[in-house]
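**Q** Pasting a structure here, questions to come.
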Amino acid sequence: SKIRKLFNLSRTEDVRRYVVRRRVLKSGKKDRLKAPKVQRLMTPKIKARRAKKAKDAIAKVRASAAERREYLHLIASHRRALRQRDHSKKHTHKVHTQRAEVAAFQKK
Numbered sequence: 518s519k520i521r522k523l524f525n526l527s528r529t530e531d532v533r534r535y536v537v538r539r540r541v542l543k544s545g546k547k548d549r550l551k552a553p554k555v556q557r558l559m560t561p562k563i564k565a566r567r568a569k570k571a572k573d574a575i576a577k578v579r580a581s582a583a584e585r586r587e588y589l590h591l592i593a594s595h596r597r598a599l600r601q602r603d604h605s606k607k608h609t610h611k612v613h614t615q616r617a618e619v620a621a622f623q624k625k
């Protein structure tokens, strides 16, 4: 950050200690120093939060991929069952028509 560059600090040092402070005067009270809030500071908590967010996103992608595979497998098995049912219907229809033809031929 700019504070780190300005004071030539290492990555391990806390930049919040080097922020420029201003004096606040109140009548009848002791002087106070106020410092601005250091924003976008990479603390261990923020790093952990970002890592968890990335991990959750990857888990979500993997879970949805697994669900998709499962769904496609279900569709394939359903289509297989329909194809088999249609095939058996056609086969039984074919057998019945052949029997009817044979019966009609024998009557003549």
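Numbering (the numbering used here) for the sequence shown: 518 to 625.
From the three backbone atoms N, C-alpha and C, an ideal C-beta is built for every residue, glycine too.
Owing to the predicted nature of the structure, the values given are computational and were not obtained by experimental measurement.
Quick one: what's got a C-beta closer than 6 Å to residue 538's C-beta in the same chain, skipping five residues either side?
**A** Numbered from its first residue, the sequence shown carries residue 538 at position 21. Cβ neighbours of residue 538 beyond the five flanking positions: 550, 552.
**Q** In whole angstroms, what separates the C-alpha of residue 573 from that of residue 522?
**A** For this step, residue 573 is matched to residue 56 along the sequence shown. For this step, residue 522 is matched to residue 5 along the sequence shown. One C-alpha to the other measures close to 34 Å.
**Q** Is it the case that the segment 526 to 534 contacts the segment 555 to 573, given that we only count it when at least three CB pairs across the two stretches are under 8 Å?
**A** yes
**Q** Looking at the unbroken beta strand (DSSP E) that takes in residue 543, where does it start and where does it end?
**A** Position 26 of the sequence shown, counting from 1, holds the residue named residue 543. Note, residue 543: premise wrong, no beta strand (DSSP E); not H, not E.
**Q** Alpha carbon to alpha carbon, what distance is there between residue 623 and residue 592?
**A** The residue given as residue 592 occupies position 75 in the sequence shown. The residue given as residue 623 occupies position 106 in the sequence shown. One C-alpha to the other measures close to 46 Å.
**Q** Kindly indicate the opening and closing residues of the beta strand (DSSP E) around residue 549.
**A** Your numbering for residue 549 matches position 32 in the sequence shown. Segment 549 to 551, the beta strand (DSSP E) holding residue 549.
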